[in-house]
Amino acid sequence: MSILGALASYIYVDWFNTHGKSTQLASIVPIMLICLNLPPSKRLKPENFYVPGIIPGPKEPTALQFNYLLIQLINELKELWQGYHFSPTSTGPSGAFICVAILTGIADVVSMSKLTGFISHSGNHYYNFCTIHKAQIEEIGTPFHYTHSYKNHKSTIAK
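Position in the sequence shown (first residue = 1) + 215 = the numbering used here.
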């Protein structure tokens with residue numbers, strides 16, 4: 216992003232076992248934002264990560280629980296998308312105005328499906344708003360009428 220004060224970031228989410236490859240399970244979920252405006256050599260240094268949350272285990276949250284936990288971050292990002300003015304500093308006597316955009320997400324397949332609200336790799340439908348179950352593959356291509364709504368979307372990803 217070449218606009219003065221515009222920060223481009225990506226969101227990183229991953230579930231992992233705190234006990235490594237052990238048989239003990241304790242899943243933890245870090246949520247991180249990484250600024251793409253930084254040079255690649257500095258971008259992935261821990262001191263440059265923004266960690267808005269760490270979701271503790273012992274089990275990973277469901278898609279609906281994860282969405283609920285993301286609400287606060289989404290609200291903050293909506294405010295930052297509109298722009299935010301920081302108070303004056305020693306290097307900027309008039310303060311600084313920034314806006315932030317999330318350009319992409321980095322995650323494995325399971326994490327990305329929960330982050331984006333899409334059906335997971337083990338889902339029973341072909342895509343989010345598909346009304347045909349995998350068992351009904353012979354019915355693909357036949358006309359069907361279905362009103363799509365947020366409520367239907369939530370119930371589909373909860374399955």
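The C-beta atom is built at its ideal place from N, Cα and C for all residues, glycine as well.
Asked	Found
When we look at the beta-carbon of leucine 285 and count the other beta-carbons within 10 Å, is it buried (16 or more) or exposed?	buried
Buried or exposed: which applies to valine 244, given that a residue is buried once 16 or more other Cβ atoms fall within 10 Å of its Cβ?	buried
Is isoleucine 334 buried or exposed, if buried means 16 or more other CB atoms sit within 10 Å of its CB?	buried
With burial defined as no fewer than 16 other Cβ atoms inside 10 Å of the residue's Cβ, what is the status of lysine 329: buried or exposed?	buried
So isoleucine 286 is in the alpha helix (DSSP H); what residue range does that whole segment cover?	278-297
Does the region 219-226 come close enough to the region 319-327 to have 3 or more Cβ pairs within less than 8 angstroms?	yes
What does the alpha-carbon distance come out to for the pair phenylalanine 312 and glutamine 297?	10 angstroms
Considering threonine 331, what are the terminal residues of the alpha helix (DSSP H) in which it resides?	324-331
Determine the extent of the beta strand (DSSP E) in which serine 256 is found, giving its start and end residues.	Taken as a continuous stretch (DSSP letters only), serine 256 belongs to no beta strand (DSSP E), being part of the alpha helix (DSSP H) at 255-258.
Got a sec, what are the start and stop residues for the beta strand (DSSP E) glycine 268 sits in?	264-270
I'd like to confirm the pairing. Which residues does DSSP put opposite threonine 319 in its beta bridges?	Tyr225
Considering serine 242, what are the terminal residues of the beta strand (DSSP E) in which it resides?	242-250
Based on Cα-Cα distance, which residue from Ala278, Asn282, Ile246 lies nearest to tyrosine 265?	Ile246
In whole angstroms, give me the CA-to-CA distance for serine 337 and leucine 248.	27 angstroms
Inspect the beta-carbon positions of threonine 233 and glycine 272 and report whether they are closer than 9 angstroms.	yes
Can you tell me the Cα-Cα spacing of serine 364 and alanine 221, whole angstroms?	33 angstroms
Under a Cβ-count criterion, where at least 16 other Cβ atoms within 10 Å of its own Cβ denotes burial, should alanine 350 be classed as buried or exposed?	exposed
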